[in-house]
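Here's the structure, in structure tokens; my notes come after.
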Amino acid sequence: MGLSKMKKGTDPLTIDQNIERNIEKNEEFLRALFTDSTDLIFRTFSIEGVKALLVFIDGMVDTKSIQFHALMHMLTRADSMQLNLQNVKNQMNSISSVNETKKMKETVSHILDGNCILLVDRLDHAIVFDAKGGERRSVSEPESEAAIRGPREGFTENLRVNTSLVRRKLKSQHLKLKSMKLGEHTKTSLAIMYLEDVASSQLVEEVTRRLEKVDIDGVLESGYIEELIEDNPWSFFPQIQHTERPDTVAANLLEGRIAILLDGTPFALIIPTTFWQLIQASEDYYERFHISIFLRWLRLIFIAIALFLPALYIAVTTYHQEMLPTSLLLSVASSREAIPFPALIEALIMEISFEALREAGVRLPKTIGQAVSILGALVVGQAAVQAGIVSAPMVIIVSITGIASFTIPRFNLAISIRLLRFPMMILAAILGLYGILIGLILLTAHLCKLRSFGVPYLAPVAPLTLHEMKDIFIRVPWWSMKYRPKHVAGQNLERENTQFPSPKRTLRSSKKSRTKGENRK
Amino acid sequence: MKTRISNLQLTLLTANFITASTLLVMPQAYLDLSLQNTWFVPFLWFLLTTLLITTAFVGWNKIETLDFQSDETRSSRTGQKLLAILMILFLMFILIRDLRAFTDFTGTALLELTPQPVIIFTSLICLLYLVWLGFEVIARFNDIYFSLLFIIILFLPLLLLNEIDMAKLLPPLQINAVPSILQTTFVGLAWVGELVIIFLFVGNVQPKSDVRRSVIWGVGLAVIFIFILLGSIISVLGSTLARYTVYPSYILVRQINITDFLDRLDLLVVSFWIPAIFSKMALTFYGIHRSFNMLFGTDTKIFLVPLALIIGFLSMMMFGNNISHFYFSIYVWSTLGLLLEILIVAVFMWIVRKERLAQSRDG
């Protein structure tokens with residue numbers, strides 16, 4: 000049926016139309032469908048007098064590949080063989096991946112995916128050449144997750160490149176990749192990756208089920224997926240981790256988690272996620288375990304500082320002055336003497352100013368953004384103190400709080416903590432330390448309630464599982480990490496069987512084997 | 000979805016339920032009775048409570064399940080309703096008493112000028128949220144805060160090392176101290192026996208067979224907790240001073256000073272203790288809610304808000320002042336509480352027996 004006969008408002012892609020044997024009709028249909036799409040190329044040529052047509056989107060295909068491996072072959076080798084589907088598909092080209100389809104809907108979908116379509120007169124199939132190309136960003140160091148030690152490659156916007164980066168880390172036949180497309184208009188490709196012999200099959204099914212339920216016009220970033228499939232969308236806290244690093248994805252797959260990679264974004268999603276994962280960095284596993292333990296405790300302390308320090312300052316200066324040692328109390332009192340605002344207002348002024356400066360620094364070009372942030376903070380802070388709007392201790396408190404929030408490895412957790420600082424400050428102003436405790440209780444209760452795909456958010460601390468605490472507040476050495484986390488891995492919990500590394504043991508064991516060998520002789 | 004907790008969580012819930020409010024209100028009463036020998040009393044509580052638990056769980060391993068939330072329980076509905084009524088009475092007293100104790104303490108230590116109703120109703124809002132989230136959340140919440148509190152109490156003697164005077168524990172365990180020790184044991188038994196609340200939740204524990212041992216472990220942890228606290232109070236403050244102090248535990252913590260700079264760590268310790276007492280109050284409130292559901296055969300949260308208001312008003316009106324509250328906590332509760340606990344244990348044993356008979360008949 001020609002397009003002119005379709006009712007107005009009918010989406011032609013919903014019509015289950017087959018490829019016609021008459022190439023003219025196919026061409027007419029495609030040209031009508033892609034009216035005003037000047038990047039769609041129709042390359043007509045003939046193979047031994049038979050009309051053929053290549054259709055592709057300029058900029059999305061590797062034109063050299065089409066030229067040399069498809070077009071040239073067909074033009075030079077066609078005279079020696081019969082023009083049928085099998086020969087065209089198998090012998091008249093040297094493209095690495097070739098498919099066929101009878102459906103017009105699939106043909107259009109392939110064109111839009113960046114493939115090249117070959118239509119031949121008198122053939123009722125379209126041949127699909129997978130020769131995707133075009134300019135994409137190359138693999139580079141991830142900007143949001145820089146590391147001192149560890150791999151420096153990060154994901155790009157190309158899904159195949161990303162899946163190949165993970166495959167290079169996990170060369171296992173058990174690494175599975177399920178594909179899906181989401182978004183009515185964007186038809187964004189996504190890949191669900193997991194290790195079949197480690198991940199729970201129920202988890203894989205649940206992830207697949209939730210993704211299949213997504214019904215949206217377009218998916219441009221993994222953040223869309225995150226909000227559409229998480230357990231508690233109203234919570235401030237992220238229940239799905241995102242990362243730009245293939246090594247992070249590989250490490251999480253080895254623990255039984257599932258990764259979702261999306262075309263068009265370098266951020267992969269990792270499911271399920273617990274709170275403790277969000278305070279871990281990939282370097283924790285590459286550096287010596289003593290350093291990792293120190294850094295983890297540092298991060299925990301600074302999370303508490305980022306969340307509670309301004310609130311504690313307000314509570315102490317307003318309600319519990321007796322908590323401060325006398326000399327410090329006199330110093331704080333003298334600096335606050337001339338300030339016309341109560342501690343809460345002073346804190347809010349400074350915090351909001353610093354948040355604005357921080358946000359402005361993100362939007363500015365990198366070369367001047369950092370300088371503006373720092374200078375702005377210093378100048379504004381100094382000027383505010385000299386003008387008598389805020390006190391010097393408040394500037395110090397806000398600066399330390401800002402620095403503390405930067406120690407949190409994951410940005411999505413850091414921003415949640417930044418947001419929660421403000422209700423804590425208000426509670427501190429109303430009820431002092433008791434108000435902070437009320438806030439802490441409500442926050443902890445909320446975190447205890449959260450789940451990420453069935454896994455409690457604070458596991459294994461709550462519910463308390465003592466034998467799984469080896470990678471939470473401390474990171475035990477690699478030779479001691481015998482088992483995968485039980486709350487995540489569905490099967491195959493034993494991950495290693497390495498002996499304690501020691502030259503004495505190695506020497507003893509080699510002596511034993513030598514003695515055994517001599518006895519056998 | 001059925002709520003499930005582990006045996007470790009049951010242990011920590013039991014331990015917290017015994018210690019959280021006990022350590023605030025009761026040390027003064029215990030010290031007043033048995034002076035420097037009070038540190039010995041927790042071991043007697045352990046023996047008596049272990050006996051109580053062992054008796055209550057006779058026949059427990061012979062039944063498949065006893066989940067009061069499900070319809071699978073084939074035991075007598077009358078028994079369940081009787082247990083529910085007793086639990087409502089028992090837990091209401093506990094919650095009203097604890098809420099008032101907490102409010103009085105907060106008004107003394109943290110917020111001297113804030114009106115009592117404000118503290119009560121902000122606490123109730125918090126409790127309501129915790130209870131609304133469910134039993135599993137309360138158990139997880141307790142895991143965190145009781146563990147932290149326990150670690151702090153374990154380090155308490157170390158922090159107070161420069162203040163400890165072992166001479167204050169003398170003379171130890173003389174024969175003429177026996178009556179006073181027994182009196183203290185009696186007064187405190189009702190407080191320790193409050194662990195009978197766990198009978199409402201034993202059906203939610205997996206695996207079922209380790210429940211008795213987990214509860215005994217919980218009592219053991221609580222006893223260690225109370226022993227360390229009482230021992231520290233006696234050796235730091237001395238029994239003569241502590242028996243006339245309203246909150247000896249708080250005064251004890253105020254003695255911590257690490258150099259001249261860090262001498263107000265009491266508020267830090269209180270910051271870990273307050274969530275632990277909220278955990279106990281939340282569990283009590285949840286127990287009342289579950290008992291109402293058992294009584295009316297429903298599975299609804301509709302009772303929670305009016306219950307919270309009633310409890311708030313009762314905690315303000317039932318006690319005219321702090322003295323009447325202390326009188327109730329020390330003298331009235333030691334008898335009333337013990338009576339209710341014995342009745343609850345008896346009804347529970349009856350239910351278990353009925354369930355065993357019903358299951359053996361069906362099996």
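Just so you know, the protein sequences line up as chains D and C, in that order.
Numbering that gives the first Met the number 0 puts the first residue of the first sequence at 0, with every later residue one more than the last.
Numbering that gives the first Met the number 0 puts the first residue of the second sequence at 0, with every later residue one more than the last.
The C-beta atom is built at its ideal place from N, Cα and C for all residues, glycine as well.
Contact defined as beta carbons within less than 8 Å: I believe L85(C) pairs with V351(C). What is the distance between those atoms, to the nearest angstrom? Here residue 85(C) refers to the residue found at position 86 of the second sequence. Here residue 351(C) refers to the residue found at position 352 of the second sequence. So it is not a contact: roughly 15 Å between Cβ atoms.
Run through chain C and tell me which residues come within less than 7 Å of Y433(D), C-beta to C-beta. In the first sequence, residue 433(D) corresponds to position 434, counting from 1. Proximity of chain C to Y433(D) at the Cβ level (cut-off 7 Å) is accounted for by T105, L109, L110, in chain order.
Looking at the strands, I want to know which residues DSSP matches up with M179(D). Stepping through the first sequence from its first residue, residue 179(D) is reached at position 180. Partner(s): L189(D).
Is it right to say T239(C) is buried, meaning 16 or more other beta carbons lie within 10 angstroms of its own, or is it exposed? The sequence position of residue 239(C) within the second sequence is 240, counting from 1. Label assigned to T239(C): exposed.
Residues sharing a beta bridge with K102(D), DSSP: Position 103 of the first sequence, counted from the start, is the residue given in the question as residue 102(D). For K102(D), which the question treats as bridged, DSSP gives the partners N17(D).
Can you tell me which of the three DSSP states F128(D) falls into? Reading the first sequence from its first residue, position 129 is the one you call residue 128(D). DSSP places F128(D) in strand when its eight states are reduced to three.
Using only the alpha-carbon positions, how far apart do W383(C) and G78(C) sit? Since the displayed chain C opens at 0 and closes at 362, residue 383(C) lies outside it and no answer follows.
Have a look at the DSSP bridge pairing and note the partners of F67(C). Along the second sequence, one-based indexing puts residue 67(C) at 68. DSSP output for F67(C) lists no bridge partner at all.
Selection from V203(D), E99(D), E156(D), R244(D) that minimises the alpha carbon distance to V119(D): Here residue 119(D) corresponds to residue number 120 of the first sequence, with the count starting at 1. Taking only the C-alpha atoms, the option nearest V119(D) is E99(D).
Specify the secondary structure class of I437(D) as computed by DSSP and reduced to three states. To locate residue 437(D), count along the first sequence from 1; it is residue 438. In this structure, I437(D) counts as helix in the three-state DSSP scheme.
So, is L11(C) buried or exposed, given that buried needs 16 or more other C-beta atoms within 10 angstroms? On the second sequence, position 12 is the one that residue 11(C) refers to. By the neighbour-count rule (16 or more Cβ atoms within 10 Å), L11(C) is buried.
Straight-line Cα distance separating E111(C) from M25(C): Numbered from 1 along the second sequence, position 26 holds the residue referred to as residue 25(C). Numbered from 1 along the second sequence, position 112 holds the residue referred to as residue 111(C). Counting only the Cα atoms, E111(C) lies some 22 Å from M25(C).
By how many angstroms is the C-alpha of L169(D) removed from the C-alpha of E140(D)? Mapped onto the first sequence, residue 140(D) falls at position 141. Mapped onto the first sequence, residue 169(D) falls at position 170. Looking at the two C-alpha atoms, the distance is approximately 20 Å.
Where DSSP assigns a beta bridge to K50(D), which residues make up the other side? Locating residue 50(D) in the first sequence gives position 51, counting from the first residue. Answer is S45(D).
Any C-beta of chain C under 8 Å from that of K469(D): Working through the first sequence from its first residue, we reach residue 469(D) at position 470. By this cut-off, K469(D) is not an interface position.
Is it true that the CB of R99(C) sits closer than 8 Å to the CB of H288(C)? Stepping through the second sequence from its first residue, residue 288(C) is reached at position 289. Stepping through the second sequence from its first residue, residue 99(C) is reached at position 100. No, they are not a contact pair.
Mark E495(D) as exposed unless 16 or more other C-beta atoms lie within 10 angstroms of its C-beta, in which case mark it buried. Walking along the first sequence from the start, residue 495(D) turns up at place 496. Counting Cβ neighbours within 10 Å, E495(D) comes out exposed, since fewer than 16 surround it.
Span separating the alpha-carbon of F145(C) from that of F89(C): Here residue 145(C) is taken as the residue at index 146 of the second sequence, counted from 1. Here residue 89(C) is taken as the residue at index 90 of the second sequence, counted from 1. Their Cα atoms are separated by approximately 23 Å.
List, in order along the chain, the chain D residues whose C-beta lies closer than 8 Å to that of L266(C)? As a working note, residue 266(C) is residue 267 in the second sequence. Ordered by position in chain D, the residues that pass the 8 Å Cβ test against L266(C) are H319, M322, L432.
Nearest-angstrom Cα separation, counted from T105(C) out to F154(C): Indexing the second sequence from 1 puts residue 154(C) at position 155. Indexing the second sequence from 1 puts residue 105(C) at position 106. Cα-Cα distance, rounded: 24 Å.
Give me whichever residues DSSP pairs with E493(D) in a beta bridge. Taking the first residue of the first sequence as position 1, residue 493(D) is located at position 494. According to DSSP, E493(D) bridges with Y482(D).
By the criterion of Cβ-Cβ separation under 9 Å, what are the contact partners of R263(C) in chain D? As a first step, residue 263(C) is located in the second sequence; it is residue number 264 there, counting from the start. By Cβ distance, chain D contributes H319, E321, M322, L323, P324.
Secondary structure, beta strand (DSSP E): runs of 3+ residues fully inside the segment 176 to 209 of chain C: none
Skipping 5 residues on each side, what residues in its chain have a beta carbon closer than 6 Å to that of D196(D)? Sequence index remark: in the first sequence, residue 196(D) carries index 197 (1-based). So the qualifying residues of the chain are H173, N491.
Go through its chain and collect everything with a Cβ distance to R409(D)'s Cβ below 6 Å, but skip five positions before and after it. Here residue 409(D) refers to the residue found at position 410 of the first sequence. Excluding residues within five positions, the ones whose Cβ falls inside 6 Å are L277.
Could you name the residues of chain C that P341(D) contacts, counting a contact when the two beta carbons are closer than 8 Å? Residue mapping note: residue 341(D) aligns to position 342 of the first sequence, counting from 1. Here the premise fails: no neighbours, minimum Cβ distance about 16 Å.
For a quick check, are the C-beta atoms of K177(D) and T207(D) less than 8 Å apart? On the first sequence, residue 177(D) is found 178 positions in, with the first residue counted as 1. On the first sequence, residue 207(D) is found 208 positions in, with the first residue counted as 1. Contact flag set, yes.
Using a C-beta cutoff of 8 Å, does I310(C) count as contacting chain D? Along the second sequence, one-based indexing puts residue 310(C) at 311. Put simply, the CB of I310(C) is far from chain D, with every gap to its CB atoms at 8 Å or more.
What distance in whole Å lies between the Cβ atoms of S333(C) and A189(C), which are believed to be in contact at a cut-off of 8 Å? For this step, residue 189(C) is matched to residue 190 along the second sequence. For this step, residue 333(C) is matched to residue 334 along the second sequence. The Cβ separation is near 5 Å, so the contact holds.
Between V130(C), Y285(C), Y330(C), which has its C-alpha nearest K448(D)'s C-alpha? Here residue 448(D) refers to the residue found at position 449 when the first sequence is read from its first residue. It is V130(C) whose Cα lies nearest to the Cα of K448(D).
Roughly how many angstroms separate the alpha carbons of Q8(C) and R139(C), rounded to a whole number? As a position in the second sequence, residue 8(C) is number 9, starting the count at 1. As a position in the second sequence, residue 139(C) is number 140, starting the count at 1. In a straight line, the C-alpha of Q8(C) is about 7 Å away from that of R139(C).
Hey, out of L418(D), E282(D), S334(D), H445(D), whose CA is closest to Q385(D)'s CA? As a working mapping, residue 385(D) is identified with position 386 in the first sequence. Checked all of L418(D), E282(D), S334(D), H445(D); the closest Cα to Q385(D) is S334(D).
Can you have a look at R121(D) and say buried or exposed, based on whether 16 or more other CB atoms are within 10 angstroms of its CB? Stepping through the first sequence from its first residue, residue 121(D) is reached at position 122. R121(D) should be labelled exposed.
Please classify Q81(D): is it buried, with 16 or more other beta-carbons within 10 angstroms of its beta-carbon, or exposed? The residue labelled residue 81(D) in the question sits at position 82 within the first sequence. Burial call: exposed.
6 Å CB neighbourhood of K7(D) in its chain, flanking five on each side removed: Walking along the first sequence from the start, residue 7(D) turns up at place 8. In this predicted model, K7(D) has a pLDDT of only 42, less than 50, meaning its place in the structure is not dependable; the value taken from the coordinates is given anyway. Taken in chain order, the list of residues that qualify is empty.
Whose Cβ in chain D lies nearer than 9 Å to the Cβ of S270(C)? Walking along the second sequence from the start, residue 270(C) turns up at place 271. Going along chain D in sequence order, the residues near S270(C) (Cβ under 9 Å) are L432, I435, L436, L439.
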